[in-house]
Amino acid sequence: MRLLLDECIPKRLNREFTEHEVRTVQQAGWSGLANGRLLSAAEHDFDVFITVDQSLRFQQNVSGFAIAVVVLEARSNDIEDLRPLVPRVRALLAELRPGQVILVSGEVGGWFRWFLRSE
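Printed below as a string of structure tokens:
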């Protein structure tokens, strides 16, 4: 699967998805693109866009794009806070469909929770 990591996610997170083809927004040459333009560019080359941008799911009608979006919700966008979410993301990747938005949230009271939202 071809994954695109948003520019607000540490580049080192790509090491957690070794079984997939992973690039960052910077590596793709799309730094600074607004969300709509970024999704439009990415949908042709990637299957999944991974971000920590909570507002993306409210600002964009993702169902119109041929790419799935995973929104990570953690205490911060530090690698140490994002890494515990990776097993859930990996488990969900095979089930994702284009136009879908998945929110994978961080530790809350010692438990992990995740939500599936289809736009």
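To convert, note that position 68 of the sequence shown is 67 in numbering that gives the first Met the number 0; the numbers rise steadily by one, no gaps. Just so you know, even glycine gets a beta-carbon here, dropped at the ideal spot from N, CA and C.
query	result
Please report the straight-line C-alpha distance between Arg36 and Phe64, rounded to a whole angstrom.	11 Å
Are Thr50 and Val61 closer than 8 Å when you measure CB to CB?	no
Among the candidates Met0, Leu2, Ile8, Gln99, whose CA atom is the shortest distance from the CA of Arg74?	Ile8
Just list the beta strand (DSSP E) runs in the stretch 69-108, keeping only unbroken ones of 3 residues or longer that don't cross its boundaries, in chain order.	99-107
So what does Arg22 bridge to, in DSSP terms?	Leu3
In this structure, does DSSP put Val47 in helix, strand or coil?	strand
What did DSSP end up calling Ala67 once you bin it into helix, strand or coil?	strand
So what does DSSP say about Ser30, is it helix, strand or coil?	coil
Quick one: grab the DSSP three-state call for Gln53.	coil
Mapping the DSSP letters down to three states, classify Thr17 as helix, strand or coil.	coil
CA-CA distance, Leu4 and Thr17?	13 Å
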